[in-house]
Amino acid sequence: MKRSGLFFAVACCLGMFATTANADIEDLIEHGFVQSGAVKIHYVTAGEGPLVVMLHGFPDYWYTWREQIPAIAKDHQVVAIDLRGFNKSDQPEGVENYAMPKLVGDVEAVVKHFGKSQTTVIGHDWGGMIAWSFAMQHPEMTQRLVVLNLPHPACLTRELASNPEQQKASAYARRFQQPDAATDLTAMGLTFWVKDRSSRERYVEAMKRSSIEGMLNYYKANYPSEPYKQQTGFPMVKCPVLMIHGLKDTALLADGLNRTWEYLEKPLTLVTVPNADHFVQQDAPALVTRTIVRWLADQHNN
Numbered sequence: 000m001k002r003s004g005l006f007f008a009v010a011c012c013l014g015m016f017a018t019t020a021n022a023d024i025e026d027l028i029e030h031g032f033v034q035s036g037a038v039k040i041h042y043v044t045a046g047e048g049p050l051v052v053m054l055h056g057f058p059d060y061w062y063t064w065r066e067q068i069p070a071i072a073k074d075h076q077v078v079a080i081d082l083r084g085f086n087k088s089d090q091p092e093g094v095e096n097y098a099m100p101k102l103v104g105d106v107e108a109v110v111k112h113f114g115k116s117q118t119t120v121i122g123h124d125w126g127g128m129i130a131w132s133f134a135m136q137h138p139e140m141t142q143r144l145v146v147l148n149l150p151h152p153a154c155l156t157r158e159l160a161s162n163p164e165q166q167k168a169s170a171y172a173r174r175f176q177q178p179d180a181a182t183d184l185t186a187m188g189l190t191f192w193v194k195d196r197s198s199r200e201r202y203v204e205a206m207k208r209s210s211i212e213g214m215l216n217y218y219k220a221n222y223p224s225e226p227y228k229q230q231t232g233f234p235m236v237k238c239p240v241l242m243i244h245g246l247k248d249t250a251l252l253a254d255g256l257n258r259t260w261e262y263l264e265k266p267l268t269l270v271t272v273p274n275a276d277h278f279v280q281q282d283a284p285a286l287v288t289r290t291i292v293r294w295l296a297d298q299h300n301n
């Protein structure tokens, strides 16, 4: 009974801390915009020091990093963006405006906007795919890479080509690639995964501001299509890499983590989180934050 009472008290304190952290995030950050060609990219920033650019996934926005920003900003300048099509960033029409070179260009524009020559890139889901791509296309600008729940593209295409379970898990992506897919989705429906009740209203408003068609264009422009074939010939990633993966992810299965090291020139740190699903940064915020902060510190000391 004493242990249960202690656990309850600690849980209550942690819950209060999370609520306070969420409430105070706006006091910590500044909002701004970066021009990337004809597209304006909205960002929030906090802290000073080496640049860290944070990229969310689908269906999400910069606020997904609310638990990580304060800790990382103690020693870095954190810039968390809204990907094009999402929330307060511009929402250009046309699938071609969401092709990977455009998305990588947005990150490049952010880095240059802040007058930096290098950055650590942290990405989740589609943000992870952009992060992988940026590191491969701009090794001179990528100091470190952190990817959450998104296998290396060579590994993902391998799994799609050879793993029936991943093929089943990607049924949603095949649906999103259909011309009429946006008619099935609503802002309310896109927030089904948000477990933090205090954040749900903010998420609904952000999704209402977003372009559902634009969000689905990520899948139409970049996600592999049937018949699936493994893609090869990717440039080697030349910087140290940290991967964090929630093992309960039902969209991107953990088998995709295998042999990642074959595509890297520097050390890989892999952290798997058994009880977290696809949104690992929200399911296990303390673990994810602590892991990233410690890894960045270790890389700096090395």
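With numbering that gives the first Met the number 0 applied, the sequence shown has no gaps in its numbers, which climb one by one up to 301 at the end.
Each residue gets a CB set at the ideal place from its N, CA and C atoms; glycine is no exception.
These numbers come from a predicted model, not from an experiment.
Secondary structure of residue i, DSSP reduced to three states
i      : result
ILE291 : helix
THR185 : coil
LEU304 : The question about residue 304 has no answer, for the chain in this structure spans 0 to 301.
MET206 : helix
GLY104 : helix
THR156 : helix
VAL193 : coil
GLU29  : strand
LEU286 : helix
Own chain partners of residue i with C-beta closer than 6 Å, once the 5 adjacent residues on each side are dropped
i      : result
ALA220 : VAL94, TYR97 and ALA98
GLY213 : GLY84 and GLN90
ASN216 : VAL94 and TYR97
ALA250 : ALA168 and HIS277
PRO273 : LEU246
Chain-order list of residues whose beta-carbon lies under 8 Å from that of residue i (same chain, five-residue window excluded)
i      : result
MET140 : GLU107, VAL110, SER116, GLN117, THR118 and PHE133
PRO266 : PRO239 and VAL240
GLN166 : LEU159 and TYR227
ALA253 : HIS244, LEU246 and THR271
ALA296 : ASP74
ALA45  : LEU27, ILE28, GLU29, ILE68, PRO69, ALA72, GLN76 and VAL77
Enclosing alpha helix (DSSP H) for residue i [first to last residue]
i      : result
MET214 : 211-221
GLN281 : 279-282
ILE129 : 125-136
LYS228 : Segment: none, LYS228 is in no alpha helix (DSSP H) and carries neither H nor E.
Own chain partners of residue i with C-beta closer than 7 Å, once the 5 adjacent residues on each side are dropped
i      : result
ASP248 : ASN148, ASP276 and HIS277
GLY14  : Caution applies to GLY14, whose pLDDT of 35 falls short of 50 and renders its modelled position unreliable; the model cannot decide the point.
PRO58  : LEU189, MET206 and MET214
Short CB-CB distance (under 9 Å) between residue i and chain D
i      : result
CYS154 : The structure shown contains no chain D; it is built from a single protein chain.
Terminal residues of the beta strand (DSSP E) in which residue i lies
i      : result
GLN142 : 141-147
MET242 : 240-245
LEU267 : 267-272
Any non-hydrogen atom of the ligand ATP closer than 8 Å to residue i Cβ
i      : result
ASP282 : In the structure on display, the ligand ATP does not appear, and there are no ligands present to speak of.
*Mind listing, in chain order, the continuous alpha helix (DSSP H) runs of no fewer than 4 residues lying wholly within the stretch 33-82?*
68-71
_Below 8 Å, how does it come out for the stretch 173-187 and the stretch 151-159: are there three or more Cβ pairs, yes or no?_
no
*Three or more C-beta pairs closer than 8 Å, one from the stretch 229-246 and one from the stretch 200-213: is that the case here?*
No contact exists between the stretch 229-246 and the stretch 200-213.
_Taking contact to mean 3 or more Cβ pairs, one atom from each stretch, closer than 8 Å, check whether the stretch 40-53 and the stretch 63-76 are in contact._
yes
_Would the stretch 193-206 count as touching the stretch 287-294 if we require 3 or more Cβ pairs under 8 Å?_
No, because fewer than three Cβ pairs between the stretch 193-206 and the stretch 287-294 fall closer than 8 Å, the two stretches do not touch.
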